[in-house]
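In the working numbering, the protein residues as written are 302 to 368.
Okay, structure first, notes after.
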């Protein structure tokens, strides 16, 4: 299964717990998405890793990549 379509709109960096904005919602590491069984795995400067099924997806602002 492939990760459902979602858009990373921004990454909030520079505090103790970085956050990511995806489809207008703000998430931090460990948060689960409302409509799909996926979780924010890790946030790094410029990219976010999403755990979905057996895979980790690396996403950058505006696009998705599979790892």
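Beta carbons: idealized from backbone N, C-alpha and C, even for Gly.
query, result
"For residue 329 and residue 318, what's the separation of their Cα atoms in angstroms?", "7 Å"
"Where DSSP assigns a beta bridge to residue 329, which residues make up the other side?", "320"
"Among 345, 358 and 309, which has the Cα closest to the Cα of residue 316?", "345"
"Please tell me whether residue 331 and residue 321 are closer than 8 Å, where the distance is taken between their beta carbons.", "no"
"Check whether the Cβ atoms of residue 310 and residue 351 sit closer than 8 Å, and answer yes or no.", "no"
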